[in-house]
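Visitor:
Residue numbers (this note's numbering): 8 to 158.
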């Protein structure tokens with residue numbers, strides 16, 4: 008069972024010089040760790056990025072990051088009877104944060120795969136596309152976090 012949350016956090020910043028409100032928007036989807044969930048995560052991300060009017064180049068980078076990290080969660084971090092979660096947070100101004108969380112304690116390793124390898128390029132792609140990225144521990148499992156600039 009996959010679930011989605013299209014909530015908008017209304018953390019509002021006030022600036023005396025600029026009275027406009029900047030709303031922080033969030034989107035989450037909990038997915039089963041199955042291959043079919045990867046395109047579902049990508050489609051959900053594409054839909055919300057379009058709704059948020061994220062520029063095409065940044066949106067394509069975010070979609071690829073979501074796809075790569077979701078694939079890693081399905082291939083390498085599957086835990087029986089556990090979901091993985093994809094979350095996007097837009098600060099309303101200049102960046103989207105991507106989080107893919109799973110229940111596995113196994114940490115991904117950034118490596119340079121051989122030229123003839125059929126896999127192993129996910130984290131190097133994330134590192135190349137994101138302004139920054141990191142691994143974050145959780146009580147159960149971990150989160151891979153990436154930040155993509157939208158301007």
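Note that the Cβ used here is the ideal one computed from N, Cα and C, for glycine as well.
Here's a check: name, in chain order, each residue in its chain whose Cβ is nearer than 7 angstroms to the Cβ of residue 137, leaving out the five neighbours to either side.
Guide: Around residue 137: 72, 153, 154 and 155.
Visitor: Can you name, in chain order, every residue of its own chain whose Cβ lies under 7 angstroms from the Cβ of residue 117, other than the five neighbours on each side?
Guide: Answer for residue 117: 130, 131 and 134, listed in chain order.
Visitor: Could you tell me which of 60, 57, 35 and 147 sits nearest to residue 113, measuring between CA atoms?
Guide: Among 60, 57, 35 and 147, the Cα nearest to that of residue 113 belongs to 147.
Visitor: Is the region 53-71 touching the region 79-89, taking contact as three or more C-beta pairs under 8 angstroms?
Guide: Segments in contact, no.
Visitor: Residue 39 by DSSP, collapsed to three states: which one?
Guide: In the structure shown, residue 39 sits in coil (DSSP, three-state: anything other than H, G, I, E or B).
Visitor: Please state whether the Cβ-Cβ distance between residue 70 and residue 53 is less than 8 angstroms.
Guide: Contact: yes.
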